[in-house]
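Some notes on the structure that comes next.
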Amino acid sequence: MAFDLLKDDDLATCVHCGLCLDACPTFRATGLETESPRGRIQLMTEWKRGTLPFTEDQARHIDLCLGCRTCEAVCPSGVPYGRIIEAGRAEVEHIRQPSSKRWLARTALRQLVGHPHRLRVFGSMTRAAQAVGLTKIARSGRQLPQLEAQFRAPHSGIAPAIGARRYRVAFLVGCVMPILYPRSHAAAVRLLQLAGCEVWFPQGERCCGALLAHNGDLEGAARLRDANMQIYGRGQFDALIVDSAGCGSHLKDFYPELTGRVKDLTEWLAEVGLPPAEHEVKVRVTYQDACHLAHAQRIRKQPRDLIRALPGIELVEMRHPEICCGAAGLYSTLEPAMSTTILREKTDDVLSTRADLVVTANPGCQMQLSTGIRSRGSNMGVEHIAELLVRAY
Ligand code: SF4
Ligand code: SF4
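For reference, each letter of the sequence shown is one residue, going 2 to 394 in this note's numbering.
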């Protein structure tokens with residue numbers, strides 16, 4: 002048990018100042034040092050030094066971390082918390098006897114999410130089951146949206162620029178987005194076309210591996226990265242555009258060959274510009290920062306600037322848009338109690354804005370926010386930011 006994946010240099014950057022504590026959703030929910038970034042770093046440091054034996058009880062503190070990286074964004078000492086928790090989680094998963102729930106999650110991620118064709122078949126079956134009401138019987142935990150026709154890239158593999166072509170971009174279709182939120186992808190692609198981008202859909206591309214890495218399966222994530230790099234190597238592109246914050250953050254950290262070319266949709270649109278709006282968008286909207294966009298990628302200004310540029314829009318901020326909603330990949334399924342506690346606070350905050358619509362930039366957040374809002378009987382809309390922006394055209 003050498004905990005080799007945890008790096009001494011990374012762990013040593015924590016100076017125990019505690020400035021991250023109030024920003025951490027699990028500390029806010031429990032008030033416990035063991036559920037804080039500082040406590041978790043201390044635990045992993047002691048495991049690594051051998052001054053504390055590994056126990057399943059202690060490992061629960063690692064399980065309960067959302068991996069939201071809010072702590073990383075506020076840490077004055079530059080602790081690379083995302084890297085630390087990913088390594089810590091991989092070590093924990095290596096040592097422990099997995100529970101049946103965790104074993105099932107890992108198998109599903111490797112065998113289903115990692116294979117887009119299988120996932121699409123599963124999505125079609127789920128949609129058929131929804132149509133005859135079967136999923137209402139089987140439903141538990143977070144609610145899947147009502148599935149629509151899946152997003153499909155054009156046969157040619159290219160969506161042309163609208164007007165003069167200024168850029169050629171690759172687009173990450175990904176694993177769950179084309180099944181759960183096809184409209185978000187369709188809106189994102191249209192915005193790119195309007196911005197003068199020819200959009201290339203790399204054929205044979207797999208899941209980026211974010212969900213696997215987030216759950217401690219770094220080996221599985223590395224296999225997907227290697228397969229994807231072969232595909233990306235076959236095309237030329239100015240940027241690889243990602244409209245899911247978790248995937249974008251993973252690609253930026255885990256695909257060094259693509260350094261500088263991975264761009265979140267909002268980051269890219271803010272950089273290259275959209276044509277003038279054609280319609281007013283008279284909506285009162287609030288924006289939820291997806292953790293992996295705001296904290297991991299430090300992108301908070303660009304989405305807000307794009308929203309504010311819409312004629313007729315009213316953007317109202319909630320009190321804590323930067324605090325996690327409790328979705329965090331599979332967290333809401335694996336840790337439903339903590340996830341629900343965190344979602345309760347988030348839902349209060351969202352509803353207090355009295356907005357017509359809440360937008361975000363990550364599918365997990367969309368699903369989680371919908372669950373929270375519906376549970377209060379509110380009919381506030383939940384959309385991907387691309388769906389809001391495209392209303393102007
Ligand atoms: S993680 Fe950063 S903010 Fe938190 S205690 Fe350590 S040094 Fe301080
Ligand atoms: S990643 Fe999020 S949940 Fe985990 S310690 Fe940091 S702030 Fe807390």
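Yeah, the Cβ is synthetic: ideal placement off N, Cα and C, and Gly gets one too.
Closer than 6 Å: residue i CB and nearest ligand 2 heavy atom
| i | result |
| --- | --- |
| A366 | In the sequence on display, residue 366 carries Cys and not Ala. Incorrect: C366 has no Cβ contact closer than 6 Å to ligand 2. |
| L67 | yes |
| T354 | no |
| P337 | no |
| R111 | no |
| P38 | yes |
| R299 | no |
| T71 | yes |
| C25 | yes |
Span of the beta strand (DSSP E) around residue i
| i | result |
| --- | --- |
| D265 | V263 to D265 |
| T287 | R285 to Y288 |
| L370 | It is not in any beta strand (DSSP E) - L370 instead sits in the alpha helix (DSSP H) that spans P364 to S376. |
| A240 | A240 to V243 |
Per DSSP, cross-strand counterpart(s) of residue i
| i | result |
| --- | --- |
| W201 | I159 and A171 |
| V383 | V359 |
Boundaries (first-last residue) of the alpha helix (DSSP H) holding residue i
| i | result |
| --- | --- |
| A13 | D9 to A13 |
| Y233 | L219 to Y233 |
| H251 | A246 to F255 |
| E57 | E57 to D64 |
| G83 | Y82 to I96 |
| Q151 | No alpha helix (DSSP H) contains Q151, which DSSP labels as neither H nor E. |
| E47 | P38 to R50 |
| G124 | P117 to A132 |
| Q194 | P183 to L195 |
| F28 | P26 to T31 |
| E346 | P337 to L352 |
| E73 | T71 to V75 |
| H215 | A211 to H215 |
| R392 | Where R392 is concerned, there is no enclosing alpha helix (DSSP H), given that its DSSP letter is neither H nor E. |
| L105 | S101 to A109 |
Any non-hydrogen atom of ligand 1 within 6 Å of residue i CB
| i | result |
| --- | --- |
| L20 | yes |
| C76 | yes |
| H296 | no |
| H17 | yes |
| V351 | no |
| V133 | no |
| V170 | no |
| V1 | Outside the modelled stretch of the chain, which goes from 2 to 394, sits residue 1, for which no answer is possible. |
Which whole runs of the alpha helix (DSSP H) in the segment 294 to 334 are 4 residues long or more, in chain order? Here the runs fully enclosed are 302 to 309.
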